[in-house]
Amino acid sequence: MNNKTLNLKTVISRSENVLDCIVDDEMVLMSVSSGDYINLNAQASAIWSAISDAQPVSMIVEKLLEKFEVELESCQEETLAFLRVLQQEKLIQIA
Amino acid sequence: MEAETKQIYQKLAQLGNPQLNFGLLASLDKKLHKKPNELGLLTLQLELFKKAGLLDEAFVSQQRIDALSGKSTSDKITKAALSISSTIKYFNLSDIKSNDFTPAPLVVIDNFLSSNLVPELLSHTIEHEKKFRMANVGSNNPEYISDRRLTHVCFEMGAFKAYFLDYIIDNLIHFKTLLNIPDFNLDKIEIKITNHLNGGFFQPHADNKAMFGDSKRVVSWLYYFHQNPKAFEGGELLAFDSNIDLQEYNAYKFTKIDPINNRLVVFPSCFYHAVTPTLLADNQFSNGRMAVAGHIRFT
Numbered sequence: 001m002n003n004k005t006l007n008l009k010t011v012i013s014r015s016e017n018v019l020d021c022i023v024d025d026e027m028v029l030m031s032v033s034s035g036d037y038i039n040l041n042a043q044a045s046a047i048w049s050a051i052s053d054a055q056p057v058s059m060i061v062e063k064l065l066e067k068f069e070v071e072l073e074s075c076q077e078e079t080l081a082f083l084r085v086l087q088q089e090k091l092i093q094i095a
Numbered sequence: 001m002e003a004e005t006k007q008i009y010q011k012l013a014q015l016g017n018p019q020l021n022f023g024l025l026a027s028l029d030k031k032l033h034k035k036p037n038e039l040g041l042l043t044l045q046l047e048l049f050k051k052a053g054l055l056d057e058a059f060v061s062q063q064r065i066d067a068l069s070g071k072s073t074s075d076k077i078t079k080a081a082l083s084i085s086s087t088i089k090y091f092n093l094s095d096i097k098s099n100d101f102t103p104a105p106l107v108v109i110d111n112f113l114s115s116n117l118v119p120e121l122l123s124h125t126i127e128h129e130k131k132f133r134m135a136n137v138g139s140n141n142p143e144y145i146s147d148r149r150l151t152h153v154c155f156e157m158g159a160f161k162a163y164f165l166d167y168i169i170d171n172l173i174h175f176k177t178l179l180n181i182p183d184f185n186l187d188k189i190e191i192k193i194t195n196h197l198n199g200g201f202f203q204p205h206a207d208n209k210a211m212f213g214d215s216k217r218v219v220s221w222l223y224y225f226h227q228n229p230k231a232f233e234g235g236e237l238l239a240f241d242s243n244i245d246l247q248e249y250n251a252y253k254f255t256k257i258d259p260i261n262n263r264l265v266v267f268p269s270c271f272y273h274a275v276t277p278t279l280l281a282d283n284q285f286s287n288g289r290m291a292v293a294g295h296i297r298f299t
């Protein structure tokens with residue numbers, strides 16, 4: 001399921017393959033299968049926090065727009081780009 | 001310390017950060033609650049315990065993984081461990097992998113010396129402060145390189161020399177078993193006292209290039225001692241997963257051994273290891289991170 005194309009309507013949730021924690025106000029993810037670490041910036045952390053429950057990408061974008069002063073289009077693009085990285089690392093799952 | 005060395009330690013400090021490892025362990029606990037016997041999760045938990053320096057937890061976790069994978073500890077290993085100490089912990093008994101990374105085998109013994117000897121060793125060390133000099137690196141052509149190592153060293157050990165040498169010789173056969181080291185003939189044992197003051201460190205390195213390589217060192221060991229209460233931070237030993245054939249280490253996979261007072265740690269010399277920078281606010285010699293350090297040479 002992880003090779004599905006992501007778009008704003010795609011419903012996503014966190015994969016079972018990931019650990020997360022906050023270190024010095026920064027979110028760090030660790031892939032269970034590879035042991036690789038990913039440090040998240042504030043915006044990426046907000047995206048990660050938003051997907052604790054399964055939901056469409058468009059809803060995550062809405063939440064980000066409430067939190068950050070950013071244009072709708074660039075928010076959509078950046079969110080999808082980051083989610084594709086997480087998808088590649090098998091850190092999210094698509095419903 | 002030069003920029004490149006600083007960068008290495010920044011990365012290692014981040015990976016060994018207790019906040020990170022405890023946070024990831026808490027996140028992992030939630031998954032283990034649902035799948036308590038999942039080997040992949042338990043193996044990751046063991047790795048995090050080792051990186052966090054939680055050796056008691058790591059030892060229990062390792063035994064659980066062995067039991068779940070049907071790997072039983074051989075009588076030979078159990079006997080060797082019990083011959084040394086009932087509180088011994090040993091890690092990573094696997095064979096050295098060819099052209100791949102192998103976790104560093106380790107033996108750790110806490111409360112090693114009887115309680116009256118630790119203050120005696122501490123007094124001996126402080127009394128001999130003037131005999132300490134900066135340590136060199138390299139066993140064949142030793143030289144002082146400040147960007148690779150900042151360690152004070154002294155070779156005058158008084159009666160403690162015989163005490164440590166006798167102990168190591170008497171127990172060498174058991175250490176060989178627990179560290180999975182093939183049999184060899186003992187040539188001599190190097191021994192010295194070291195002290196890490198403020199900024200003291202030792203870059204990642206191996207004491208030999210192969211199990212029986214040119215430097216002749218086969219077994220390396222360290223015994224930690226210091227003033228109570230402890231005045232320094234850092235100075236931890238990191239024992240890295242190492243590719244012995246390629247002489248490389250994996251910076252992401254290591255066991256952290258805290259320099260706890262009265263702790264002995266023993267490992268094969270060919271595995272990469274490092275000492276993290278020591279922070280000692282008053283930079284007093286008597287408050288340093290002290291160790292008796294040694295190597296066993298083969299002939």
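Order-wise, the sequence lines are chains A and B. Under our numbering, the residue at position 82 of the first sequence is numbered 82, and the numbers go up by one with no gaps. Under our numbering, the residue at position 264 of the second sequence is numbered 264, and the numbers go up by one with no gaps. We treat Cβ as the ideally placed atom computed from N, Cα and C, and that holds for glycine. Note that the structure is predicted; figures quoted are calculated from it, not measured.
Range covered by the beta strand (DSSP E) that runs through residue i
{"i": "Arg-289 of chain B", "result": "289-298"}
{"i": "Glu-233 of chain B", "result": "232-234"}
{"i": "Asp-241 of chain B", "result": "237-243"}
{"i": "Pro-268 of chain B", "result": "263-268"}
{"i": "Phe-91 of chain B", "result": "89-91"}
{"i": "Val-275 of chain B", "result": "273-275"}
{"i": "Thr-78 of chain B", "result": "No beta strand (DSSP E) holds Thr-78 of chain B; the alpha helix (DSSP H) holding it covers 75-84."}
{"i": "Gln-62 of chain B", "result": "Careful: Gln-62 of chain B lies outside any beta strand (DSSP E), inside the alpha helix (DSSP H) at 55-68."}
Under 9 Å from the C-beta of residue i: neighbouring residues of chain B
{"i": "Leu-86 of chain A", "result": "Those within 9 Å of Leu-86 of chain A in chain B number zero; the least Cβ separation is about 16 Å."}
{"i": "Ile-92 of chain A", "result": "The premise fails here: Ile-92 of chain A is roughly 16 Å from chain B at the closest Cβ pair, so nothing lies under 9 Å."}
{"i": "Ile-22 of chain A", "result": "Gln-19, Gly-23"}
Proximal residues of chain A, C-beta to C-beta of residue i below 7 Å
{"i": "Tyr-252 of chain B", "result": "Gly-35"}
{"i": "Leu-28 of chain B", "result": "Leu-19"}
{"i": "Lys-97 of chain B", "result": "Those do not exist, as Lys-97 of chain B stays about 17 Å from chain A at its closest Cβ, beyond 7 Å."}
{"i": "Gly-40 of chain B", "result": "Val-32"}
{"i": "Leu-54 of chain B", "result": "Per Cβ cutoff of 7 Å: no residues; Leu-54 of chain B is ~16 Å from chain A at best."}
Within chain A, the residues that residue i reaches when beta carbons sit closer than 9 Å
{"i": "Val-47 of chain B", "result": "Position check: residue 47 of chain B holds Glu in this sequence, whereas Val was assumed. Neighbours of Glu-47 of chain B on chain A, chain order: Gly-35."}
{"i": "Lys-31 of chain B", "result": "Glu-16, Leu-19, Val-32"}
Proximal chain B residues relative to residue i, where beta-carbon distance stays under 8 Å
{"i": "Val-61 of chain A", "result": "Ordered by position in chain B, no residue passes the 8 Å Cβ test against Val-61 of chain A, which lies about 26 Å from the chain."}
{"i": "Thr-28 of chain A", "result": "Reading off the sequence shown, one finds Val at residue 28 of chain A, where the question assumed Thr. Under the 8 Å cutoff, chain B gives Leu-20, Gly-23, Leu-24."}
Residue i: contacting residues in chain A (beta-carbon distance under 8 Å)
{"i": "Leu-279 of chain B", "result": "Those do not exist, as Leu-279 of chain B stays about 18 Å from chain A at its closest Cβ, beyond 8 Å."}
Residue i, enclosing alpha helix (DSSP H) - first and last residue
{"i": "Leu-252 of chain B", "result": "The sequence shown places Tyr at residue 252 of chain B, not Leu. Not the alpha helix (DSSP H): Tyr-252 of chain B falls in the beta strand (DSSP E), residues 248-257."}
{"i": "Val-107 of chain B", "result": "Careful: Val-107 of chain B lies outside any alpha helix (DSSP H), inside the beta strand (DSSP E) at 106-109."}
Original post:
Does the stretch 269-287 of chain B come within contact of the stretch 38-56 of chain B, defined as at least 3 CB pairs closer than 8 Å?
Top reply: Put simply, the stretch 269-287 of chain B does not touch the stretch 38-56 of chain B. Fewer than three CB pairs are less than 8 Å apart.
Original post:
Where are the beta strand (DSSP E) runs, 3 residues long or more, that stay fully inside the stretch 141-229 of chain B, in chain order?
Top reply: Counting only runs of 3 or more, we get 152-154, 186-196, 201-205, 217-225.
**OP:** Would you be able to state if there are at least three C-beta pairs under 8 Å between the stretch 60-80 of chain A and the stretch 2-18 of chain B?
**Re:** By the criterion of at least three beta-carbon pairs nearer than 8 Å, the stretch 2-18 of chain B is not in contact with the stretch 60-80 of chain A.
**OP:** Could you please tell me which residues of the stretch 10-25 of chain B, in chain order, have their CB closer than 7 Å to any CB of chain A?
**Re:** Going along the stretch 10-25 of chain B in chain order, one finds Asn-17, Gln-19, Leu-20, Gly-23, Leu-24 with a Cβ nearer than 7 Å to chain A.
**OP:** Determine which residues of the stretch 60-74 of chain B have a Cβ less than 9 Å from any Cβ of chain A, and write them out in chain order.
**Re:** Residues of the stretch 60-74 of chain B with a C-beta atom less than 9 Å from some C-beta of chain A do not occur.
Original post:
Does the count of Cβ pairs from the stretch 117-129 of chain B and the stretch 95-105 of chain B closer than 8 Å reach three?
Top reply: With the rule of 3 Cβ pairs closer than 8 Å, the stretch 117-129 of chain B does not count as touching the stretch 95-105 of chain B.
Subject >> Within 9 Å of chain A by C-beta, residues of the stretch 220-243 of chain B in sequence order >> reply: Listed in sequence order: no entries.
**OP:** Please list the segments of the alpha helix (DSSP H) lying wholly inside the stretch 1-56 of chain A, counting only runs of 4 or more residues, in order along the chain.
**Re:** If we require 4 residues or more, the alpha helix (DSSP H) runs fully inside the stretch 1-56 of chain A come out as 42-50.
Original post:
Counting only runs that start and end within the stretch 111-144 of chain B, where is the alpha helix (DSSP H) found for 4 or more residues in a row?
Top reply: Those alpha helix (DSSP H) runs which fall completely within the stretch 111-144 of chain B and span 4+ residues are 117-127.
**OP:** Scan the stretch 187-202 of chain B for residues whose Cβ lies nearer than 7 Å to a Cβ of chain A and list them as they occur along the chain.
**Re:** The residues in question: there are none.
Original post:
Taking contact to mean at least 3 C-beta pairs separated by less than 8 Å, is the stretch 8-20 of chain A in contact with the stretch 51-71 of chain A?
Top reply: The stretch 8-20 of chain A, when compared against the stretch 51-71 of chain A, does touch it at the 8 Å Cβ threshold.
Original post:
Using 8 Å as the Cβ pair cut-off and three pairs as the minimum, do the stretch 174-186 of chain B and the stretch 76-90 of chain B touch?
Top reply: The answer is yes - the stretch 76-90 of chain B touches the stretch 174-186 of chain B, with three or more Cβ pairs under 8 Å.
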